[in-house]
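All letters in the sequence shown, in the order written, are residues 57 to 268 by our numbering.
Positions of the beta carbon are idealized from the N, C-alpha and C atoms, including for glycine.
One structure is given here, and the rest of the page talks about it.
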Amino acid sequence: MKKILLSVVLSATFVFTACSQYSSDHIQNHKEHKHETESSKILSSMHKAMMDTAFVESGDIERDFLANMIPHHQGAIDSSREFLKTSIEDKKIKNMVENIIKTQEKEIKEFNDILAKKSYTQTKISKKEYEKFVKDEKRIMQDMMHKMHSVKESKDINRDFLEAMSSHHQGAVDLSKQILRYSKDKKIRQIAENIIKTQEKEIKEFKEFLAK
């Protein structure tokens, strides 16, 4: 019995550590860099909304998807606004960033409206399936944050922003592909498909710029 309890405790500790590791790294990073650079401010604002918002596990995959996507989108908006405060000479990049803000603000409004009205049909899945859904969702978020945190600051703010935003966008794409494997609701599926289409296109544009 003691062995079983120890196993459960260790498993729970592992999950907690995996989900909080990025936050710990981020805090330590700020202690080591007391004077924020323009790039660090931009990169910090990209994930702050997610770090400040409790991860939603409601038992409803559609609700989880929308509720957890809201702070994800907010991070993209906040970092884009921070980026626009810098001197941007490339008009194409400026237009891309302004479009991120416009598109994702509109989507957040839509998500909040859907959640408030619960204007979707909840997909019923087993407890085991839901546990896998949550586990995979956390893994996607953790992988995304790790890649964002791995971006090394350079003297090129454009490059720093686009590298981090590419990973941020990929996280949204992966989460959207995940919900498509479960949800049967047409509205949620349409939202996920639209996120994939829009953000994969932007990732391609970011990579084309980074390849220069």
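In the DSSP assignment, the alpha helix (DSSP H) including residue i goes from what residue to what residue?
| i | result |
| --- | --- |
| E92 | Unbroken run through E92: none, as it is neither H nor E. |
| T179 | Note, T179: premise wrong, no alpha helix (DSSP H); not H, not E. |
| E145 | E145 -> no alpha helix (DSSP H), and no H or E assigned at all. |
Can you tell me which of the options puts its alpha carbon nearest to the alpha carbon of residue i?
| i | options | result |
| --- | --- | --- |
| A220 | T93, S136, T109 | S136 |
| M102 | I157, A123, K147 | I157 |
| K162 | F262, I244, K194, I126 | I126 |
| T159 | L99, F265, A132 | A132 |
| I196 | K184, E166, I235 | I235 |
Report the three-state DSSP secondary structure of residue i (helix, strand or coil).
| i | result |
| --- | --- |
| S206 | coil |
| V229 | helix |
| G115 | coil |
| N85 | Confidence at N85 is low in this model, with a pLDDT of 44, below 50, so its placement is unreliable and the value that follows should be read with caution. DSSP places N85 in helix when its eight states are reduced to three. |
| R195 | helix |
| Y238 | coil |
| S223 | helix |
Looking only at its own chain, which residues have a Cβ that is under 8 Å from the Cβ of residue i, when we skip the five neighbours before and after it?
| i | result |
| --- | --- |
| I259 | S222, H225, Q226, V229 |
| D120 | V112, E113, S114, F189, V190, E193 |
| I149 | N214, L218, F265 |
Suppose the cutoff is 7 Å on Cβ atoms and the five residues either side in sequence are ignored; what does the same chain contact list for residue i look like?
| i | result |
| --- | --- |
| K233 | I252 |
| E118 | Y176, Q178, T179, S239, D241, I244 |
| I164 | I126, H129, Q130 |
| S95 | E209, I213, D216 |
| N85 | Legend: pLDDT at N85 = 44, less than 50; position of this residue unreliable, no value from coordinates given. |
| L266 | R215, L218, E219 |
Please list, in chain order, all residues of the same chain as residue i whose beta carbon is under 6 Å from its beta carbon, the five residues on each side excluded.
| i | result |
| --- | --- |
| K203 | S223 |
| N124 | V112 |
| Q255 | H225, A228, V229 |
| N250 | none |
Since residue i and residue j should fall inside the 8 Å C-beta cutoff, what is the C-beta to C-beta distance between them, to a whole number of angstroms?
| i | j | result |
| --- | --- | --- |
| A110 | D134 | No, A110 and D134 are not in contact; Cβ-Cβ is about 18 Å, not under 8 Å. |
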